[in-house]
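These notes concern the structure reproduced below.
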Amino acid sequence: IREEDILAKIDQLGDELAMVMIGGVNYYTGQLFDMAAITQAGHAVGATVGFDLAHAAGNIRLQLHDWYVDFAAWCGYKYLNSSPGGVSGMFVHERHAYSPELPRLAGWWGYDKATRFRMEPGFKPMRGAEGWQLSNAPVLGMAAHLASLEIFEEAGMDRIVEKRDKLTGFLEFVIDDISERNKERCTFELITPRDQGKRGAQLSILAHGQGKALFDALSNCGVVADWREPNVIRIAPAPLYNSFEDCFLFGRHLEAAIQ
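If you're matching positions, the sequence shown starts at 190 in this note's numbering and goes up one per residue.
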């Protein structure tokens, strides 16, 4: 997807556009979008700008406040390692978070703690993003989420991003090498941007005509990847626990599956 097309469409719609809502990282190709530029373009025409960060949280270095993003939401079970069904997260820029008069889908958990049980008329939200909460979070799910976030804090996103790029770059080399040496047997290509600044950990392989058979063969070898119709295999080495050896072994299994 060409970012200039997104920016041009926002400009074309102008004041007809009330909201821009887009994934920060495309779930299918792994393409990372320039969220700062999209936010600036949306605000220029008076639109509110939000992002789905399901494939970005824990994967991309985010600066939502500095980019003036209005709001964002993400899950915790992908790169944040909080398990399926785990808690999600949300961001509301402070210029909105401290505006109690702003209409919202409100729930009792976002009501002012000191007066919550007085059952008074109206709605008095807590200050900050807490004022958008609907109900109480699951304790066990929060415990798992906290354990993961503590590891992220200890490692630091700078180090995580550095290893992510090295891992993904090596995996890209492995896939390209196998593709070149086996092009008579199987035709596939990477549809994820080659520029490391335009992607995160995910690489998406487009397999022409035989992708599902290739994916099934990889799964039978114990490879944990992901299939997306009609013909894409998604692989994402996670820097906190995947290694260069894992990327090398993936290549071995990929070549064996092709042959």
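Backbone N, C-alpha and C define an ideal beta-carbon position, used for all residues, glycine too.
Original post:
Is Asn-248 near Tyr-268, with beta carbons less than 8 Å apart?
Top reply: yes
Original post:
With which residues is Gly-311 paired in a DSSP beta bridge?
Top reply: Its beta-bridge partners do not exist; DSSP assigns none.
Original post:
From this set, Ile-211, Asp-204 and Glu-205, which residue's C-alpha is nearest Ile-195's C-alpha?
Top reply: Ile-211
**OP:** Return the residue from the list Asn-215, Gly-235, Asp-435 and Gln-220 that minimises the CA-CA distance to Glu-205.
**Re:** Gly-235
**OP:** Can you give me the start and stop residues for the alpha helix (DSSP H) that Ser-337 sits inside?
**Re:** Here the alpha helix (DSSP H) through Ser-337 covers 328-344.
Original post:
What residue does the beta strand (DSSP E) around Leu-395 start on, and which one ends it?
Top reply: 392-396
**OP:** Note the first and the last residue of the continuous beta strand (DSSP E) segment covering Leu-438.
**Re:** No beta strand (DSSP E) holds Leu-438; the alpha helix (DSSP H) holding it covers 433-447.
Original post:
With which residues is Gln-220 paired in a DSSP beta bridge?
Top reply: Arg-388
Original post:
Which of helix, strand or coil does DSSP assign to Leu-379?
Top reply: Note: Leu-379 maps to strand in three-state DSSP.
**OP:** Check each candidate in Cys-410, Ser-272, Ala-197 and Asn-409 and name the one with the smallest Cα separation from Leu-338.
**Re:** Distances from the alpha-carbon of Leu-338 to those of Cys-410, Ser-272, Ala-197 and Asn-409 put Ser-272 closest.
Original post:
For Pro-426 versus Ala-396, is the C-beta distance shorter than 8 Å?
Top reply: With a cutoff of 8 Å on beta-carbon distance, Pro-426 and Ala-396 are scored as not near each other.
Original post:
So which of Ser-277, Lys-372 and Asp-415 has the shortest CA-CA distance to Ile-447?
Top reply: Lys-372
Original post:
Are there 16 or more other CB atoms within 10 angstroms of the CB of His-254, so buried, or fewer, so exposed?
Top reply: exposed
Original post:
How many angstroms separate the CA atom of Val-214 from the CA atom of Arg-423?
Top reply: 13 Å
**OP:** Note down the Cα distance separating Val-281 from Ala-226, rounded to an integer number of angstroms.
**Re:** 18 Å
**OP:** Specify, as a first and last residue, the run of the alpha helix (DSSP H) that Ile-424 falls within.
**Re:** Looking at the DSSP string, Ile-424 is not in any alpha helix (DSSP H); the run it does join, the beta strand (DSSP E), is 421-424.
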